[in-house]
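Okay, so the sequence shown: first residue is 1 according to this note's numbering, each after it adds one.
First the structure, in the form of structure tokens, and then the observations on it.
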Amino acid sequence: MKQKEFSSYNKIGKNTVISESCIIGHPNSKDLVAKVKTAGVIIGDNCVIRSGTVIYSGSKLGNNVTTGHNALIREGTNIGDDCLIGTNTVIENNCTIGNGTRLQTGVYVPTNTQIGKNVFIGPHTVMTNDPTLGRVRKLYGPTIEDNVSIGANCTILPKVKICENAIVGAGSVVTKDVEKNSVVFGNPARPRGKSDEKIKKWLAQ
Ligand SMILES: CC(C)(COP(=O)(O)OP(=O)(O)OC[C@H]1O[C@@H](n2cnc3c(N)ncnc32)[C@H](O)[C@@H]1OP(=O)(O)O)[C@@H](O)C(=O)NCCC(=O)NCCS
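This is the structure:
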């Protein structure tokens, strides 16, 4: 397997497969200009890194992590065990992703976003971190707590906290914090029920 490594300090675990055309240990722009060797990437055991994935130096992936094609993971981002990072998903710098979390195709995770354990994020959901749309440079990523499910094509506004076990319906625009165990959907997303009841109904179908 061919891969391009910028850093000599990458640590790659046992049975991890890195496909062709991956870049592992890409420097941030400062280090790229200075042409220095960087800290490298730590990747755990039994990972599958699919072709086109770019992982920046200073990020860490746990065990059993799979990336789709062309995933991008920026510096300072920490991904737990058993995670899926879908094709064309972009995770910017300084994010945390907990164990067992699955980001499907084309998800966008901006700088300073915290995502808990066993979270599911549907395709093409976009999280945002800049309340002033580039006018004032202060970034506040959203917080997504454990066991949250977010449908396809949602937009999550900056600073929003989606609490434990909540469900966000497809196509929602989440403008405010979401209570734990609740179901919300719509634009703007409004409370529509309890997630435990919804899951019970789905299991009985
Ligand atoms: C939110 C959701 C979980 C609700 O499921 P549900 O309770 O079974 O919803 P129902 O199908 O019974 O719909 C109830 C009502 O809400 C509306 N509704 C359901 N989901 C909606 C959504 N995401 N946005 C706007 N309205 C929605 C329905 O049109 C229906 O309206 P009506 O009473 O006027 O006919 C589900 O609709 C959803 O969005 N699932 C996400 C699917 C997804 O994105 N998966 C990702 C992986 S592909």
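Quick reminder that beta carbons are idealized off the backbone N, C-alpha and C, glycines included.
If you run the structure through DSSP and keep just helix, strand and coil, what is residue i?
| i | result |
| --- | --- |
| I32 | The question names Ile, but residue 32 in the sequence shown is Leu. Three-state result, L32: helix. |
| S59 | coil |
| S51 | coil |
| C95 | coil |
| L214 | The question about residue 214 has no answer here: the residues shown for the chain are numbered 1 through 205. |
| P142 | coil |
| P188 | coil |
| S149 | strand |
| V65 | coil |
| K117 | coil |
| V168 | strand |
Taking the C-alpha atoms as reference points, what is the distance between residue i and residue j?
| i | j | result |
| --- | --- | --- |
| V183 | Q205 | 18 angstroms |
| V126 | C95 | 14 angstroms |
| I85 | N64 | 11 angstroms |
| I18 | E197 | 42 angstroms |
| N78 | N28 | 16 angstroms |
| P123 | H26 | 26 angstroms |
| V119 | P131 | 24 angstroms |
| S75 | E20 | Residue identity differs from the one stated: residue 75 is Glu in this sequence, not Ser. E75 and E20: Cα-Cα distance of roughly 21 angstroms. |
| K11 | D45 | 10 angstroms |
| G40 | D31 | 12 angstroms |
| I115 | L203 | 26 angstroms |
| S57 | T38 | 6 angstroms |
Which one or two residues does DSSP pair with residue i in a beta bridge?
| i | result |
| --- | --- |
| V126 | Y108 and T155 |
| N78 | K60 and T96 |
| V178 | I162 |
| V90 | L72 and Y108 |
| V17 | V48 |
| K11 | I42 |
Ends of the beta strand (DSSP E) at residue i?
| i | result |
| --- | --- |
| S182 | S182 to F185 |
| C22 | C22 to H26 |
Spatial neighbours of residue i within its chain, please: CB distance less than 6 angstroms, with the 5 preceding and 5 following residues excluded, ordered by chain position.
| i | result |
| --- | --- |
| I121 | L103, V107 and I150 |
| A189 | S172 and V174 |
| T155 | V126 and V173 |
| K14 | D45 |
Between which two residues does the alpha helix (DSSP H) containing residue i stretch?
| i | result |
| --- | --- |
| K200 | S195 to A204 |
Could you pull out every residue in the same chain whose Cβ sits closer than 8 angstroms to the Cβ of residue i, ignoring the five residues on either side in sequence?
| i | result |
| --- | --- |
| N88 | G68, H69, N70, A71, T105 and G106 |
Mind checking if residue i is an interface residue toward chain C, Cβ cutoff 8 angstroms exclusive?
| i | result |
| --- | --- |
| A166 | Within the model displayed, chain C is absent; a lone protein chain is all it includes. |
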